[in-house]
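Per our numbering, the very first residue in the sequence shown carries number 1349; after that it's consecutive.
Yeah, the Cβ is synthetic: ideal placement off N, Cα and C, and Gly gets one too.
Computed from a predicted model, the values in this text were never measured in an experiment.
Right, one structure below, let's go through it.
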Amino acid sequence: MLKRAIDLLLIFIALPILVPLMLLISILIRLDSPGTVFFIQKRAGLHCIPFNCFKFRTMYANADQTIHQKHIEAYAAGRLNESNGVKLTNDVRITRVGKLLRRSSLDELPQIINVIKGEMSLVGPRPLPMYEVEQFDLWHNERFLMPPGITGLWQVKGRSYVSFDDQLRMDIRYIRKWSIWLDIQLIFETIPAMLSAKGAG
């Protein structure tokens, strides 16, 4: 309950900045390419219950989603070299504005809607697409004991330079060591992580 209260308080305080910023991003997306402003995808929430996760659209309309699914399968199987980053590079599906949004992680901002609805928290494990969860081993499921977050330990410390298993270990470590002070620390560390754009995209 305390974590939820802090989420709502921080969002309320930030709204005067977030609302104009989100409106500006929405206009840029509509000017850049045809299609909706938001990208909505089923993701795994608390106890692995699916929910509709909101993001700003960064791809062209009707882009092929199976490209990312195959990439995740290779990532989970250990066929990618995480020292070079595990994000898809030179993805032709991404729009011009989408590249900027992904590099700065601003495409995640609409997830404050999910936080307000109680489906997510400001800080927590990354909300994973359901097809990514299909790659899990049994021990990975511990990361579903807390609601997913817009930012978190992996998002700040790991980004795109850790293995599939190490990403999940970081999620589980966050849950086991959770405290309000850890959340506050990760929120403050999110800003330089976004500005550096390291591992984003």
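Taking C-beta to C-beta, are D1355 and K1403 nearer than 8 Å?
Annotated as distal: D1355 and K1403, with beta-carbon spacing of 8 Å or more.
Just to confirm the assignment: which complete beta strand (DSSP E) runs, minimum length 3, are found wholly within the stretch 1373–1443?
The qualifying runs are 1386–1392 and 1398–1404.
Pull up the distance between the alpha-carbon of M1407 and that of T1414, whole angstroms please.
Taking the straight line from one Cα to the other gives about 13 Å.
Near P1458, what residues of its chain come up, given a Cβ to Cβ distance below 8 Å and the 5 sequence neighbours on each side ignored?
M1370, F1386, F1402, K1403 and F1404
Name the residue from M1349, D1380 and P1368 whose alpha carbon lies nearest to the alpha carbon of K1447.
D1380
Cα separation between P1364 and R1524?
34 Å
Within the same chain, show all residues whose beta-carbon is closer than 6 Å to that of F1306, passing over the 5 residues directly before and after it, in chain order.
No answer is possible for residue 1306: the residues shown for the chain start at 1349 and end at 1549.
Roughly how many whole angstroms lie between the Cα atoms of I1528 and F1536?
Rounded to the nearest angstrom, the two C-alpha atoms are 13 Å apart.
Keeping to the same chain, check which residues put their C-beta closer than 7 Å to that of S1469; ignore five residues upstream and five downstream.
K1351, D1355, V1463, P1495 and G1497
Taking the beta carbon of R1427 as the centre, do at least 16 other beta carbons fall within 10 Å, making it buried, or is it exposed?
exposed
For the beta strand (DSSP E) containing V1471, name the first residue and the last one.
S1469 to V1471
Could you pull out every unbroken alpha helix (DSSP H) segment of at least 4 residues lying fully inside the stretch 1443–1511, listed in chain order?
1444–1452, 1459–1465 and 1478–1481
Apart from the five residues just before and just after A1541, which ones in its own chain have a Cβ nearer than 6 Å to its Cβ?
V1504
Kindly list the residues whose CB is nearer than 6 Å to the CB of P1475, restricted to its own chain and excluding five residues on each side of it in sequence; keep chain order.
The answer, listed in chain order, is R1391, C1401 and P1496.
Whole angstroms are fine: how far does the CA of L1372 sit from the CA of D1519?
Their Cα atoms are separated by approximately 32 Å.
Given this structure, state the Cα-to-Cα distance separating Q1483 from I1361, to the nearest angstrom.
38 Å
Which class does K1525 belong to by DSSP, given the choice of helix, strand or coil?
coil
Can you tell me whether A1424 is buried or exposed, with buried defined as 16 or more other CB within 10 angstroms of its CB?
buried
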